[in-house]
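In this note's numbering, the protein residues as written are 11 to 479.
Worksheet: the structure to be examined is printed underneath.
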């Protein structure tokens, strides 16, 4: 029931967004043509760009699915993220049409101003419109819901209910086999488990949610039978994650259901091909055109400040713990004979770094040779940053989920780095945060996420963060 309501709300929202933005394009075009505030060159195809906007909005439908569960009570931050994904898709379609047709007639100022205005419009529509739809559709169509379980499990459902009440979920209370006096603000205590028949009738319960494993098989069968007799929907609240202390992913294989600790979009061959194509499209021009002149510049400066090898290679572990040699511009004085000194993490104002090496590190230009690793296939443009093999062993002892990051290829940059977690790992919290974002990347990979990471990284190269040294 709830899933279908969420899907319906998401679809309705997507349809209305498509109608509103398409209508706005028509009005904005007419306004510009009539007022002449922006010069539109001739000939120019209104129909073509209207169709492009429409297609971009249809493609944006995929962006809604990620926020379907929170759309009814979406936060400002979530609204920003959703709008950003919509705008990226819309802009990519429009720019693709311009590039494919080599259309010099369309005004870049018109398209740019249109995208800015649409971004603002979408932001507020995404925030307020789902709430309006919920009031119109579900306000008079509520489902009174009874919960069965222990108090701690019921308390954990409070946050979930805050998101779902707008979809018509109306909690009437909970029953338990425990002898308790306490209650919750949102879900009041109604009585003992054996009173469920009476409570179902008295409160006209339309839905009952039972904590998995809380009642025996026979009792559960009785509750199901009574629910059916009273026309009451029945659900089991699965809290198996508490046993593992880790989020779980549910995989349905026909009649079989499996639980796993992590989802892996990059196990899809199409996603892997898309990611590999993206890697080559970025790394090949850099290796062919940027690396040679940069190599010459680094070599010239190194001759004066720190003679020695231009490149610096070091063994790292990649996907499935396979070992490879990472390539960088050398930024430290030559420590060829001192492996112990090379294995120490870089610190702020590190005396091992020669002056120009400090600049290379701060701007991340020392990472440019790693695009060779990307072309070879040892690395990806985006992914978890590879650490020293010695540090892999050390960090895995500190954090049990550490080696999960080796499910994918390591990256030149990553989600953790765009969030500011780069450089020295001096305390456990920094490691925990970095691995958190690495796992989030593995769980929620998408092509647009890679694009976003690359754009943010380019920005950080131009305007280095404080954590860069």
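Beta carbons: idealized from backbone N, C-alpha and C, even for Gly.
Small disclaimer: the values here were computed from a predicted structure and weren't measured.
Go through its chain and collect everything with a Cβ distance to residue i's Cβ below 7 Å, but skip five positions before and after it.
i	result
residue 481	An answer regarding residue 481 cannot be provided, because it is not within the stretch 11 to 479 covered by the chain.
residue 323	335, 336 and 337
residue 260	267 and 269
residue 89	133, 136 and 137
residue 119	48
residue 237	218 and 244
residue 139	23 and 26
Just the Cα atoms here: how many angstroms apart are residue i and residue j?
i	j	result
residue 375	residue 443	25 Å
residue 178	residue 21	17 Å
residue 425	residue 393	7 Å
residue 219	residue 59	50 Å
residue 301	residue 437	35 Å
residue 334	residue 408	24 Å
residue 6	residue 451	Only positions 11 to 479 of the chain appear in this structure, which leaves residue 6 out of reach.
residue 366	residue 379	16 Å
residue 348	residue 447	Note that residue 348 scores a pLDDT of 46, beneath 50, so its modelled location is shaky and nothing firm can be said.
residue 285	residue 41	41 Å
residue 368	residue 273	38 Å
residue 340	residue 311	11 Å
residue 26	residue 32	10 Å
residue 19	residue 151	14 Å
residue 201	residue 215	14 Å
residue 242	residue 190	26 Å
residue 463	residue 297	20 Å
residue 210	residue 79	28 Å
residue 412	residue 206	46 Å
residue 362	residue 95	42 Å
residue 130	residue 35	14 Å
residue 198	residue 16	26 Å
residue 299	residue 461	21 Å
residue 382	residue 263	40 Å
residue 93	residue 372	32 Å
residue 342	residue 173	52 Å
residue 83	residue 398	43 Å
residue 315	residue 309	10 Å
residue 97	residue 288	20 Å
residue 500	residue 414	Since the first residue of the chain shown is 11 and the last is 479, residue 500 is not available in this structure.
residue 432	residue 320	23 Å
residue 292	residue 385	10 Å
residue 91	residue 154	33 Å
residue 23	residue 108	29 Å
residue 405	residue 453	20 Å
residue 28	residue 313	60 Å
residue 479	residue 471	For residue 479, the pLDDT reaches just 46, beneath the cut-off of 50, and the residue's location in the model is therefore unreliable, leaving the point undetermined.
residue 160	residue 230	15 Å
residue 325	residue 395	13 Å
residue 76	residue 307	45 Å
residue 166	residue 221	12 Å
residue 468	residue 435	23 Å
Would you mind giving the Cβ-Cβ distance between residue i and residue j, rounded to the nearest angstrom? I have them listed as a contact below 8 Å.
i	j	result
residue 213	residue 331	No, residue 213 and residue 331 are not in contact; Cβ-Cβ is about 56 Å, not under 8 Å.
residue 103	residue 69	6 Å
residue 67	residue 121	Not a contact, Cβ separation roughly 15 Å.
residue 327	residue 388	So it is not a contact: roughly 10 Å between Cβ atoms.
residue 187	residue 148	That pair is no contact at about 32 Å.
residue 390	residue 429	Going by Cβ atoms, the distance from residue 390 to residue 429 rounds to 18 Å, so no, they are not a contact pair.
residue 249	residue 110	That belief does not hold up - the Cβ atoms of residue 249 and residue 110 are roughly 51 Å apart, past 8 Å.
residue 126	residue 158	Between residue 158 and residue 126 the Cβ distance is about 52 Å, and since that is not below 8 Å, they are no contact.
Which partner residues does residue i have in the DSSP bridge list?
i	result
residue 343	Residue 343 pairs with nothing; no bridge assigned.
residue 262	267
residue 323	337
residue 243	217
Short of 8 Å in beta carbon distance, which residues of its chain neighbour residue i, apart from the five on each side in sequence? Order them along the chain.
i	result
residue 86	137
residue 171	179, 181, 196 and 197
Quick one: what's got a C-beta closer than 6 Å to residue i's C-beta in the same chain, skipping five residues either side?
i	result
residue 123	none
residue 156	182, 215 and 218
residue 275	281 and 455
Please tell me whether, using a cut-off of 7 Å, the distance from the CB of residue i to the nearest non-hydrogen atom of the ligand GDP is below it.
i	result
residue 94	What this structure holds is no ligand at all, so the ligand GDP is not there to describe.
Going residue by residue through the segment 131-213, where are the continuous beta strand (DSSP E) segments of at least 3 residues, counting only ones entirely within it?
Qualifying beta strand (DSSP E) stretches, in chain order: 153-158, 179-186 and 199-202.
Give the list of continuous beta strand (DSSP E) stretches no shorter than 3 residues that lie fully inside the segment 361-428.
Runs of the beta strand (DSSP E) lying entirely within the segment 361-428 and spanning at least 3 residues, in chain order: 390-392 and 421-423.
Which runs of the alpha helix (DSSP H) spanning at least 4 residues fall entirely within the segment 42-82, listed in chain order?
As for any alpha helix (DSSP H) of minimum length 4 sitting wholly inside the segment 42-82, the runs are 56-69 and 71-75, ordered along the chain.
Would you mind listing the alpha helix (DSSP H) stretches within the segment 435-461 that are 4+ residues and don't spill past its ends, in chain order?
438-453, all fully within the segment 435-461.
Counting only runs of 4+ residues fully inside the segment 86-124, write out the alpha helix (DSSP H) ranges in chain order.
Segments of the alpha helix (DSSP H) lying fully in the segment 86-124: 86-111.
To test your reading of the DSSP string, which unbroken alpha helix (DSSP H) runs of 4 or more residues are found completely within the segment 14-39?
Within the segment 14-39, no complete alpha helix (DSSP H) run reaches 4 residues.
Which residue spans inside the segment 265-302 form an unbroken beta strand (DSSP E) run of at least 3?
As far as the segment 265-302 is concerned, its whole beta strand (DSSP E) runs of at least 3 residues are 266-270.
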